[in-house]
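Notes for the one structure printed next.
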Ligand code: NA
Ligand code: NA
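Protein chains in written order, with this note's numbering: chain A, 1 to 441; chain B, 1001 to 1317; chain C, 2001 to 2169.
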């Protein structure tokens, strides 16, 4: 059998195994170890564990559990409630204003954390009940929270961009900075969408009654103090890293510590919360790490089969596609795979196949990192498989059904695709800032 | 006709560097073997992490390795001499001379036979210099630097306040930018350019801690025995051609890049001051010699060789 | 289900829960090491062991925590089809497809034991200037994988019980 056939067989067996509904890491790992054993005999028996040693040496992964801890700590710290109250009073008067405020909240949370976990947790526990209570349309708000939280990986800091940077060998600091404007652009597009829809149909997001937000301007301004702690956390983590005081993994530890300190300052630390945060951190860290462990084994076999060369051969020589055609095809294939595949696994298995080719075709790998991240966001959100969907289902109140959740993401995915197209057409949105701001990282 | 033999050979060099230091000889071998045997080349950490290279080869996960003994973490006493044993060589030609005229080859063969791996052939690469983001002009400047370097070289350098860090080869440029490391003490200037590390550093220290990297080709003992004699011979010729190509590739590269072909700014620690590093190295040699009888034998050979070179004078020393 | 299996499931679950509840504090160990690293870097000479030590702790954290994470059902599944089934059908299918998990864990365990045996036989040290002994971390990794394997067997029995319509409490 040719190597291409084996690679194809491996990929399709992985998809089939996942369709059974067994845990994703088990499906990927199973195909990986069996393929290694079949192809390489005795010598391949140890490839699964060898991936464990590889994972251990992949130092940026240390940021993962620390960011997860930080996310859960932030969501319990009370910072978000204060922020939300400020957005509430300042934006509540607009039709759909609370939903707009939720997007604002998500941008601030995204600037404090590298994953979408924090945004999801905060959105589902703090924003969602409030929005439903005010008579907001449940489908729209479910979409708002998922789309908003997905900004966590685009607005710096971002774990996805860290892993991308390691695979593409691009400076993480520049990648992070590159995500600023695209992140704000997406947030802006979300807001425009919400405002327009609520203008047309005010019942989707009724404005708050005057008495609820009627307070003296001084009081209103005082509410803005809610932004101080997030700013301090952002600075401790991002500022110190960009200035070169802390290294990347150290800055994630600083971030985790500062979230802990914030919770302590707000008087939120107690035994029950402590246990909840630590347990969730362990559970979600294990989920990611075991998927990466399995995907590294799968990826090593895949790599051993020369999949990179095969793809390059297919796209460049056989199909004779132009660089832009290849790039667009890659994005489309990512989007399709992303609906079915876990994006962490996709990062470890597929990104190493594509990224070298993107570089060879002469595209800017910082810019591509942003495009890549947005496709990851879409992958998160699109059924049947999406991590945000998974979290949303676990956290949303029963009145929001699975169908509601699926329907809710449609307009937001469409907006993200528009954003993706805009950034493809105008790369400066991503590349201007890193070219003009000096970052050490 | 027997079944075609396929070998997985993993080099410790990264993808870009591997194109220069090992790909040509593998391609030549595959062509000359005419379908009887094929060597598939994998680069740093591709199939197994570099620190696991030895064990993976012993277990048969891979069939052959190109690396220095130190980097592949060989479970043999003499592994410390692989890579950059401080001041063991001044020029790259010293390495093959030590192996094939002063008898290191016999010692290596014996050591690896004990652990089920076939040592095949040793050769030299480039010298070991520091590349940094701040200029190094005195030993004082080395203090506190987190440096990506070889394990044994790193141990030696700690006495000058250097903090050695080991990470996967391909992660070096990003680690330089994320602040996990401050400097690289891994190679000469040719590799800095080829591996793309030139873009993440500014300065190149011309003083080196060793004039020639010392590393080898190895194979799993059983796999080697399965290769028919004529193909064994062919692979030996190809390994030699690889050593030869590297000799002139590095020798010419170092000179032309220092002479203005590189964006790195050259700095130098005065020879008098650098002499103290060299003296410390000889004390380090004695420490290593005390570790085992075999190590003592190697150190004696190094000293004998050193004496001959001193006596011969210019251009040798 | 026979009593012996009930006891087995109970013991495995209780033990792994205990281990998980301890291991979850590992996040503070990682945090502490990295904070020490950044403080030592600014105040005095940086330490050469911090990054590697944090990596060892990370390996222990997610592997020793593996069993408890299975117990908490933290692992994502693709539930395109799976999500529509009744709990009983889910359990029945899981009881079959969990074989994939067993096979994967078996190979992990095999490689782990072999690698640990090697580390002990040759007193392997890490490929770094700090060069700590590798056996301790490998032993921890193997224990983590083994506990995860035991947890998988416990889950298998529980799924089987649900599939047969007699769930274990
Ligand atoms: Na973020
Ligand atoms: Na998806």
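For each residue, glycine too, the CB sits at the ideal point set by N, CA and C.
Please read all numbers here as calculations on a predicted model, not as lab measurements.
Report, in whole angstroms, the separation of the C-beta atoms of residue i and residue j, which I expect to be a contact under 8 Å.
i, j, result
"residue 76 of chain A", "residue 268 of chain A", "6 Å"
"residue 56 of chain A", "residue 2055 of chain C", "5 Å"
"residue 204 of chain A", "residue 198 of chain A", "5 Å"
"residue 2103 of chain C", "residue 301 of chain A", "Contact flag wrong, Cβ pair sits at about 15 Å."
"residue 1233 of chain B", "residue 173 of chain A", "Incorrect: roughly 52 Å between the Cβ atoms, too far for contact."
Is residue i helix, strand or coil when you go by DSSP?
i, result
"residue 87 of chain A", "helix"
"residue 298 of chain A", "helix"
"residue 1118 of chain B", "strand"
"residue 1042 of chain B", "strand"
"residue 1246 of chain B", "helix"
"residue 1164 of chain B", "strand"
"residue 116 of chain A", "coil"
"residue 466 of chain A", "Lying before the first or after the last residue shown, residue 466 of chain A is absent from chain A, which here runs from 1 to 441."
"residue 441 of chain A", "Note that residue 441 of chain A scores a pLDDT of 45, beneath 50, so its modelled location is shaky and nothing firm can be said."
"residue 2123 of chain C", "coil"
"residue 1169 of chain B", "helix"
"residue 2170 of chain C", "Because chain C in this structure spans residues 2001 to 2169, residue 2170 of chain C falls outside the shown range and cannot be described."
"residue 1317 of chain B", "coil"
"residue 2017 of chain C", "helix"
"residue 1149 of chain B", "strand"
"residue 382 of chain A", "coil"
"residue 1274 of chain B", "helix"
"residue 426 of chain A", "coil"
"residue 1252 of chain B", "helix"
"residue 1232 of chain B", "helix"
"residue 25 of chain A", "helix"
Name the chain A residues that come within less than 8 Å of residue i, Cβ to Cβ?
i, result
"residue 2098 of chain C", "22, 26"
"residue 2035 of chain C", "250, 253, 254, 257"
"residue 2024 of chain C", "278, 279, 281, 282"
"residue 1170 of chain B", "169"
"residue 2151 of chain C", "Residues of chain A passing the Cβ test: none, with the nearest at roughly 11 Å."
Quick one: list the residues of chain A neighbouring residue i, beta-carbon separation under 7 Å, in chain order.
i, result
"residue 2031 of chain C", "66, 253, 256, 257"
"residue 2093 of chain C", "20, 21"
Cβ closer than 7 Å: which chain B residues qualify as neighbours of residue i?
i, result
"residue 2118 of chain C", "1055"
"residue 171 of chain A", "1174, 1177"
"residue 135 of chain A", "Going along chain B, no residue has its Cβ under 7 Å from residue 135 of chain A, so there is no contact; the nearest lies around 47 Å."
Does the separation of the CB atoms of residue i and residue j fall below 8 Å?
i, j, result
"residue 1183 of chain B", "residue 1083 of chain B", "no"
"residue 36 of chain A", "residue 10 of chain A", "no"
"residue 1185 of chain B", "residue 1128 of chain B", "yes"
"residue 1156 of chain B", "residue 1086 of chain B", "yes"
"residue 240 of chain A", "residue 251 of chain A", "yes"
"residue 83 of chain A", "residue 108 of chain A", "yes"
"residue 1165 of chain B", "residue 1146 of chain B", "yes"
"residue 1089 of chain B", "residue 1210 of chain B", "yes"
"residue 361 of chain A", "residue 1179 of chain B", "no"
"residue 2160 of chain C", "residue 2095 of chain C", "yes"
In chain C, what lies closer than 7 Å to residue i by C-beta?
i, result
"residue 1086 of chain B", "Here the premise fails: no neighbours, minimum Cβ distance about 13 Å."
"residue 303 of chain A", "Those within 7 Å of residue 303 of chain A in chain C number zero; the least Cβ separation is about 18 Å."
At a Cβ threshold of 8 Å, is residue i touching chain E?
i, result
"residue 1180 of chain B", "In the displayed structure, chain E is absent; the protein chains listed are A, B and C."
Which bits of chain B does residue i rub up against, with CB to CB less than 8 Å?
i, result
"residue 91 of chain A", "Within 8 Å Cβ-Cβ: nothing; residue 91 of chain A doesn't reach chain B, min ~37 Å."
Can you pull the chain B neighbours of residue i, defined as C-beta to C-beta under 9 Å?
i, result
"residue 371 of chain A", "Within 9 Å Cβ-Cβ: nothing; residue 371 of chain A doesn't reach chain B, min ~19 Å."
For residue i, which residues in chain C fall below 8 Å Cβ to Cβ?
i, result
"residue 1317 of chain B", "Here the premise fails: no neighbours, minimum Cβ distance about 29 Å."
Inset, instruction - Would you be able to state if there are at least three C-beta pairs under 8 Å between the segment 287 to 296 of chain A and the segment 18 to 33 of chain A? - result: yes
Inset, instruction - Could you tell me whether the segment 2031 to 2044 of chain C touches the segment 2075 to 2085 of chain C, using the rule of 3 or more Cβ pairs below 8 Å? - result: no
Legend entry - Three or more C-beta pairs below 8 Å linking the segment 1049 to 1062 of chain B and the segment 2117 to 2128 of chain C: yes
Inset, instruction - Assess, as a yes-or-no matter, whether the segment 2018 to 2027 of chain C is touched by the segment 266 to 283 of chain A under the definition of 3 or more beta carbon pairs within less than 8 Å. - result: yes
Legend entry - the segment 113 to 129 of chain A in contact with the segment 65 to 82 of chain A per 3-pair CB rule at 8 Å: yes
Inset, instruction - Decide yes or no for the touch test of the segment 242 to 261 of chain A against the segment 40 to 47 of chain A: beta carbon pairs closer than 8 Å, at least 3 of them. - result: no
Inset, instruction - Would you check if the segment 43 to 55 of chain A and the segment 131 to 140 of chain A touch, i.e. whether three or more CB-CB distances between them fall below 8 Å? - result: no
Legend entry - the segment 1006 to 1025 of chain B touching the segment 393 to 408 of chain A, judged by at least three CB pairs closer than 8 Å: no
Inset, instruction - Check whether the segment 396 to 406 of chain A touches the segment 351 to 359 of chain A, counting contact only when three or more Cβ pairs, one atom from each stretch, lie closer than 8 Å. - result: no
Inset, instruction - Taking 8 Å as the threshold, find out whether the segment 366 to 375 of chain A comes into contact with the segment 86 to 103 of chain A through three or more Cβ pairs. - result: no
Inset, instruction - Determine, using beta-carbon pairs with one atom in the segment 1218 to 1226 of chain B and one in the segment 1062 to 1069 of chain B, whether at least three such pairs fall under 8 Å. - result: yes
Legend entry - the segment 2135 to 2150 of chain C in contact with the segment 1300 to 1317 of chain B per 3-pair CB rule at 8 Å: no
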